[in-house]
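Residue numbers (our numbering): 1 to 307. All C-beta atoms in this analysis are idealised placements derived from N, C-alpha and C, irrespective of residue type, glycine included. Notes follow the structure.
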Ligand SMILES: [Zn+2]
């Protein structure tokens, strides 16, 4: 009797071993078995996950002009404006120092020399993805140089206007909120205005958009709120109206402006409006290049000093 029990146990053990073998799959390593599941594999929804990477927005010190570099958390880059004609080499060397080889999105806010002057050099130097400009033209040499550089590189210009999305990855979005119309007397009002969202943080880059464009943006119902506002038109009193400032409600503002410039920018009225709204103001003529870093929740500011 005892022997039968032992035999039964041995038989059960053999069956168990055989059953185990049948689940272990082939041993030849031909890859038909499913890959092992790591217990550390994250179960988060990647679409909504902030991967610990940061968004960086650099306001370059290019004097009385604009040039803004945006480094997205996934490694892609956007350049909004490229300073004046003689700022081209400075913008290019700054981008190279950041290790940039490709500009995935190049935005010329409007065809004034202090915004697109250095753009032809940028286009010739770097690999370029998509180029965006508003449907506005001038007859200046600077503008023709940009068109020629675009053509010579086999690129085309995508229209920048309200409602056009540059990129949308759920937590990370960049899109235009202006221009809203297709006829402006003032070339500044053609300015492509870009809103960038990363997590709970947002940036608004306004080019030289004036009061008319600001009123249109407000009427459009677009979300204008931003933690960081690139003040329109170098701090001109014709931009940054009280109503617009109230809608944007920024914590920080950046004025891209040259020291002792001919226009008296930034105008006192604008500085007063920003002060009354309790906005912390940075200026490229005093602080040099200014870099904002967002982790999707918080924003930090770094002043890199004069060029
Ligand atoms: Zn300008």
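Three-state secondary structure (DSSP) at residue 38?
Low confidence applies here, because residue 38 scores a pLDDT of 42, under 50, leaving its location unreliable and the question unanswered by this model.
Could you check where the beta strand (DSSP E) with residue 58 kicks off and where it finishes?
Unbroken beta strand (DSSP E) run through residue 58: 55-59.
Taking DSSP as the reference, what is the three-state secondary structure of residue 214?
helix
Please classify residue 127: does DSSP put it in a helix, a strand, or coil?
In the structure shown, residue 127 sits in a strand (DSSP, three-state: E or B).
Work out the CA separation of residue 57 and residue 301 for me, nearest whole Å.
10 Å
Closer than 5 Å from C-beta to any heavy atom of ligand 1: which residues, in chain order?
Counting only beta-carbon distances shorter than 5 Å to the non-hydrogen atoms of ligand 1, the qualifying residues in chain order are 114, 208.
Have a look at the DSSP bridge pairing and note the partners of residue 322.
Any question about residue 322 goes unanswered here, given that the chain covers just 1 to 307.
Since residue 107 sits in a beta bridge, which residues does DSSP pair it with?
80, 132
Can you tell which of 276, 216, 194, 219 has its C-alpha closest to the C-alpha of residue 133?
194
Would you mind listing the beta strand (DSSP E) stretches within the region 249-289 that are 3+ residues and don't spill past its ends, in chain order?
Those beta strand (DSSP E) runs which fall completely within the region 249-289 and span 3+ residues are 252-255, 280-283.
Under three-state DSSP, which class holds residue 232?
Residue state, collapsed to three classes: helix.
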